[in-house]
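Undergrad: First to last, the protein sequences are chains V and Z. Under UniProt numbering, the first residue of the first sequence carries the number 1, and numbering increases by one thereafter. Under UniProt numbering, the first residue of the second sequence carries the number 1, and numbering increases by one thereafter. C-beta atoms are modelled at their ideal positions from N, C-alpha and C, and glycine is treated no differently. Supplied in structure tokens, the structure appears directly below.
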Amino acid sequence: MFSDLSTPRDDSSLLCRPTEDLAPVFERASPAYSPCFERFGVGERSFSRQYAHIYAARLMQMRPLLTEKAEQKWGSDVLVRKLCDLQAGEQCCIVGTLFKRMDLQPSILKEISEEHNLLPQPPRVKYISDTDELILEDELQRIKLEGKINRDRCVTGSVIAVYGAERNDGKFTVEDFCTADLPAQSVRPALDSDRFVLLVSGLGLGSSHADSMLGLQLLVDMVTGQLGDQGEQSGAATISRVLMAGNLLSQSTQDKDGSTKAKYLTKKTQAGSVEAIRLLDELLFQLVTSVPVDVMPGQYDPTNYTLPQQPLHRCMFPLSSVYPTLQLASNPYQATVDGVKFLGTSGQNVSDIVRYSSMNSHLEILEETLRLRHLAPTAPDTLGCYPFYMKDPFILEECPHVYFSGNAPTFESKRLTGADGQEILLVTVPTFHSTQTACLVNLRTLECEPISFTAFSAGDDDESEMNISH
Amino acid sequence: MTTKNGLITDSFKVVKKARKVAKRDETLAPPPQNAETSIRQHEEQQKLIQFDLDWRFGPSTGISRLQRWDRAKLHGLNPPEDIRELLLLKQNNQEYKLSLWSQYPL
């Protein structure tokens with residue numbers, strides 16, 4: 001692992017007199033890299049369509065997969081029915097899109113309905129309640145679900161197959177259900193040496209308190225090999241790529257003063273994001289001179305809000321964009337580094353599921369979306385999304401080797417082994433400005449470890465205070 | 001009229017001309033019809049309307065008929081080939097291009 005490489009040795013060159021001979025040069029490993037961002041391009045950008053198309057395309061794409069899974073699970077003679085052919089009391093299987101009716105879900109129609117004279121709905125941490133109902137929809141009809149299906153874990157928009165029977169009162173009693181599960185995976189080539197990809201997210205530049213700037217500079221210095229002794233520098237040379245997973249700018253750069261205040265009052269004030277982008281450009285400039293960097297946009301970054309977010313524009317980075325090592329990527333991100341397939345988002349899809357289900361752990365949700373074979377099931381219901389009509393680009397066609405999401409509260413990682421021998425590393429990349437933590441993925445072993453740039457971790461507050469007093 | 005409003009007609013000449021041309025185009029657009037072609041057109045329209053109303057191929061608002069056909073083909077739903085041929089033949093005709101619901105406001 002990376003930490004072994006960078007532990008100081010006896011023949012450390014630190015704190016010595018400068019020597020005459022030249023310092024050794026460590027060649028940085030440069031892996032084969034092929035981005036596949038076309039999948040998340042939006043093409044002609046027509047917003048005149050309704051979202052019915054994306055749900056229809058999703059069901060069209062998922063139905064054959066789920067029918068196959070259902071036949072595997074409940075025997076090949078299982079009766080797969082459409083809702084319109086359903087007969088009461090008959091045991092059968094139905095493939096459809098889940099819809100969770102939630103009383104607390106914010107609704108623009110409720111807000112603008114003047115006759116009710118309601119107060120605006122307060123923002124909540126979670127929008128689930130005991131009165132929620134699960135409904136399964138296919139192309140023509142819908143039916144309420146009851147029985148052995150966990151209502152609070154499910155989210156709107158996931159396509160599943162349910163097995164059971166319709167009761168006389170018109171509700172469907174679920175005995176079992178299945179998801180599309182993991183897609184097939186390509187073989188990962190064996191590497192002969194350790195190579196790392198550094199994942200970092202949530203830099204939060206431009207916030208009023210610059211508490212993460214020291215950590216950030218340490219991170220940059222570590223990656224570019226300007227920290228530590230020769231052991232650490234040779235370790236840094238094995239970092240072959242840096243991936244920034246969104247929210248490079250702080251939420252506070254998005255002040256809405258400009259749109260609410262009078263023009264003459266805000267005429268001379270500069271948008272907060274201008275300074276933050278310049279800071280980011282300087283930071284990237286230090287990095288791209290030494291290592292290839294992928295930059296994904298996130299929720300607070302200056303690009304389109306709806307998924308898939310398009311790459312940030314080159315003209316915002318006058319210093320760093322002249323280097324071919326700067327790769328401005330889309331969100332979701334998909335690329336192959338040394339044969340290892342990376343897929344991930346800046347975390348909007350995961351944090352949206354946190355709000356609309358009982359699940360709290362980002363890692364658990366990441367696994368759940370992989371099992372559903374869908375990156376963002378809650379788009380377009382509660383998550384902004386481009387109105388696609390031809391196909392749903394968020395359906396996983398191929399199993400990634402590394403599946404990540406950014407801007408998580410803590411670092412977590414897990415190795416997942418699929419039914420057909422797929423091996424996936426799940427990583428939740430923590431927000432850097434609050435945790436000062438990034439993570440390193442080893443391309444050879446598919447292991448992942450956090451790398452922290454703070455002396456004071458959350459666990460040992462007392463200890464660190466003692467250190468200061470001494 | 002022409003003597004009184006000479007100035008106005010002078011300044012709006014171009015606009016008036018353009019309008020006249022557009023109107024002439026509209027009147028000219030439908031080709032001279034005889035009974036046979038109108039029956040054939042009616043049949044073709046009926047066929048396309050049946051395609052629009054087939055729920056298996058998904059919603060039809062907001063996209064062209066050809067786009068809807070291509071999507072059905074992409075997802076292996078076997079849309080009828082003659083519909084595609086007909087749509088490609090009449091590519092420039094708005095009546096054929098858009099679905100039955102295209103005139104309704106969303």
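May I ask you to list the residues that DSSP assigns as paired with residue 490 of chain V?
TA: Summary: the structure shown does not reach residue 490 of chain V, with chain V confined to residues 1 through 470, and so no result is reported for it.
Undergrad: Could you tell me the distance, in whole angstroms, from the CA atom of R241 of chain V to the CA atom of F196 of chain V?
TA: Going by the C-alpha atoms only, they are around 7 Å apart.
Undergrad: For residue 534 of chain V, count the other beta carbons within 10 Å of its own beta carbon; 16 or more makes it buried, fewer makes it exposed. Which is it?
TA: An answer regarding residue 534 of chain V cannot be provided, because it is not within the stretch 1 to 470 covered by chain V.
Undergrad: Taking the straight line between their C-alpha atoms, what separation do you get for A438 of chain V and N168 of chain V?
TA: Between A438 of chain V and N168 of chain V, the C-alpha separation is close to 55 Å.
Undergrad: Let me know the secondary structure DSSP gives L28 of chain Z once reduced to three states.
TA: Since pLDDT at L28 of chain Z reaches only 49, below the 50 mark, its modelled position is unreliable, and the value read off the structure follows with that caveat. L28 of chain Z: helix per DSSP, three-state reduction.
Undergrad: Report, in whole angstroms, the separation of the C-beta atoms of D301 of chain V and L249 of chain V, which I expect to be a contact under 8 Å.
TA: 6 Å
Undergrad: Rounded to the nearest angstrom, how far is the Cβ of M244 of chain V from that of S207 of chain V, given a contact under 8 Å?
TA: Actually they do not touch by this definition, with Cβ atoms about 16 Å apart.
Undergrad: State yes or no: is the beta carbon of Q91 of chain Z nearer than 9 Å to at least one beta carbon in chain V?
TA: no
Undergrad: Taking its Cβ as the centre, do 16 or more other Cβ atoms sit within 10 Å of L87 of chain Z, making it buried, or is it exposed?
TA: buried
Undergrad: For residue 502 of chain V, does the count of other Cβ atoms within 10 angstroms reach 16, so buried, or fall short, so exposed?
TA: Because chain V is modelled from 1 through 470, residue 502 of chain V falls outside the range shown and cannot be assessed.
Undergrad: At the level of alpha carbons, what is the spacing between P297 of chain V and V350 of chain V?
TA: 15 Å
Undergrad: Does H433 of chain V pass the burial test, meaning 16 or more other C-beta atoms within 10 Å, or should it be called exposed?
TA: buried
Undergrad: Taking 6 Å as the limit between beta carbons, can you name the residues of its chain near V42 of chain V, skipping five residues before and five after?
TA: Y386
Undergrad: Check whether chain V comes within 9 Å of H42 of chain Z, counting only Cβ atoms and requiring the distance to be less than that.
TA: So no, H42 of chain Z is outside the interface.
Undergrad: Note down, in chain order, each residue of its chain lying with its Cβ closer than 6 Å to the Cβ of E129 of chain V, except the 5 sequence neighbours on either side.
TA: In the sequence on display, residue 129 of chain V carries Ser and not Glu. Hits under 6 Å: D103, L104.
Undergrad: What is the DSSP secondary structure of A18 of chain Z, reduced to helix, strand or coil?
TA: Residue confidence is low: A18 of chain Z scores 48 on pLDDT, short of 50, so the model does not pin down where it sits. Its coordinate-derived value is still stated next. In the structure shown, A18 of chain Z sits in a helix (DSSP, three-state: H, G or I).
Undergrad: On the three-state DSSP scale, how would you describe K100 of chain V?
TA: K100 of chain V falls in the strand class under three-state DSSP.
Undergrad: Could you name the residues of the UniProt domain "DNA polymerase delta subunit OB-fold" (50-176) of chain V whose beta carbon sits closer than 8 Å to any beta carbon of chain Z, in the order they occur along the chain?
TA: Q50, A52, H53, A56, A57, M60, Q61, P64, E139, L140
Undergrad: List the residues of chain Z whose Cβ lies closer than 9 Å to the Cβ of K391 of chain V, in chain order.
TA: R71, L74, H75
Undergrad: The alpha helix (DSSP H) that contains M213 of chain V, what's its start and end?
TA: 213-223
Undergrad: Please report the Cβ distance between C448 of chain V and L182 of chain V, rounded to the nearest whole angstrom; I am assuming they are in contact, meaning their Cβ atoms lie under 8 Å.
TA: Contact flag wrong, Cβ pair sits at about 19 Å.
Undergrad: According to a CB-to-CB cut-off of less than 9 Å, which residues of the stretch 34-50 of chain V neighbour chain Z?
TA: S46, S48, R49, Q50
Undergrad: Could you spell out the range, first to last residue, of the beta strand (DSSP E) harbouring E146 of chain V?
TA: Segment 142-147, the beta strand (DSSP E) holding E146 of chain V.
Undergrad: In chain V, which residues lie less than 8 Å from W55 of chain Z when you measure between Cβ atoms?
TA: E139, L140
Undergrad: Please report the residue range of the alpha helix (DSSP H) in which G344 of chain V lies.
TA: Here G344 of chain V belongs to no alpha helix (DSSP H); instead the beta strand (DSSP E) covers 340-345.
Undergrad: Ignore the nearest five residues each way along the sequence and tell me which others in K171 of chain V's own chain have a CB closer than 8 Å to its CB.
TA: I143, K144, L145, E146
Undergrad: If you reduce the DSSP assignment to three classes, tell me which class K110 of chain V lands in.
TA: helix
Undergrad: Flag this pair as yes or no: are the beta carbons of R124 of chain V and R355 of chain V separated by less than 9 Å?
TA: yes
Undergrad: Should S53 of chain Z be labelled buried (16 or more other beta-carbon atoms within 10 Å of its own) or exposed?
TA: Looking at the sequence provided, one finds Leu at residue 53 of chain Z rather than Ser. Under this definition L53 of chain Z is an exposed residue.
Undergrad: State yes or no: is the beta carbon of P105 of chain Z nearer than 9 Å to at least one beta carbon in chain V?
TA: no
Undergrad: Indicate whether L326 of chain V and L284 of chain V have their beta-carbon atoms separated by less than 9 Å.
TA: Contact annotation: L326 of chain V and L284 of chain V have beta-carbon atoms nearer than 9 Å.
Undergrad: How would you list, in chain order, the residues of chain V whose beta-carbon sits under 9 Å from the beta-carbon of Q67 of chain Z?
TA: Y389, M390
Undergrad: Determine, using beta carbons only, whether K69 of chain V and A161 of chain V come nearer to each other than 9 Å.
TA: Yes, the pair counts as a contact, with Cβ atoms nearer than the cut-off.
Undergrad: In three-state terms, what does DSSP make of K23 of chain Z?
TA: Because K23 of chain Z carries a pLDDT of 48, less than 50, the predicted location of this residue cannot be relied on, and no value is offered for it.
Undergrad: Pop quiz: residue 485 of chain V and N247 of chain V are said to be a contact at Cβ under 8 Å. What is the actual Cβ separation, rounded to whole angstroms?
TA: Residue 485 of chain V lies beyond the residue range present for chain V, which begins at 1 and ends at 470; the question has no answer from this structure.
Undergrad: If you drop the 5 nearest sequence neighbours on each side, which residues of the same chain put their C-beta closer than 6 Å to that of W55 of chain Z?
TA: none
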